[in-house]
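According to the working numbering, the sequence shown is numbered sequentially starting from 2. Every residue gets a Cβ at the ideal spot worked out from N, C-alpha and C, and that includes glycine. Fair warning: this is a prediction, and the values are worked out from it, not measured in the lab. Accompanying notes for the structure given below.
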Amino acid sequence: MKLCATKMPTEQPSKNYPTAAEFKQLLLTQPLEEIVKARIFAGVPYAFSKRPQAMDTLRNHLSNQLRIPPENVIVIGSAKIGFSLSPDNFPRAYSRRSDIDVLLVHPAMFDSVWKTLLAWHYPRRSSLDGVDWDWARHRRDEIYWGWLEPSRVRYDGLSFPDVLHPMRNLSAAWFGAFRSLARYPDFMGRDVSGRLYRTWDHALAYQVAALKKIKALIQDWE
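And the structure:
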């Protein structure tokens, strides 16, 4: 898989949401990349099936707050398809109490974070220890896979924190953007969180890896 795409795949999804049993059969009979593109990356989320305009609200709000193109904002997970796609929880049904997971793609924003991390890490790469070392290790793992959850990054106890100021600003903006969704009736009382990916191919690779684990579990069950 060539990790370079910046545009969302355009495959057309089925008009109906598959049941968990139907989705199991899809995993066993269809290419996983096609399933992700058609069933997860495209179509109206299950959570918004009765109010499709809620997706527009979500996209427009996050686009305005974070300066990310609205077409690069989608819902994934149980809120997208109707049941959990986590290998640990599949196929737990979506409910009003379920989280809403959002996937966002923005190469320039991701690269800006990467650049900031390097500016902080390079001058002390051979002398990191303690909190600094653990923090750098976690960020390195995330960046390697092409994703980051800005609002979950903590900066307490780090040395030379001023260098990380641009990244801290993004974390604060990210947290504020998602928290302020509560002003809209469709999102009151909902836990909505987002993960930033560098490209659509990085996002695709992550989702495919999760489906591979679920497929292996299904094969073991049978």
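Buried versus exposed call for H107 [16 or more other C-beta atoms within 10 Å across all chains shown]: buried
S113 (DSSP reduced to helix, strand or coil): helix
Three-state class that DSSP yields for E12 in the structure shown: Because the pLDDT of E12 is 42, which lies under 50, any placement of that residue in the model is unreliable, and the question is left without a value.
Residue from V76, Y145, W222 and L165 with nearest C-alpha to V193: V76
Buried/exposed call for G158, threshold 16 Cβ in 10 Å: exposed
Classification of R153 by the beta-carbon crowding that lies within 10 angstroms, buried from 16 upward: exposed
Top-ranked residue by Cα proximity to A43, from D130, A22, K81 and N61: K81
C-beta contact flag for Y95 and W146 at 8 Å: no
Coarse secondary structure for V154, derived from DSSP in three states: coil
Inter-residue Cα distance where the pair is D34 and Y156: First, the amino acid is wrong: residue 34 is Glu here, not Asp. Distance between the alpha carbons of E34 and Y156: 36 Å.
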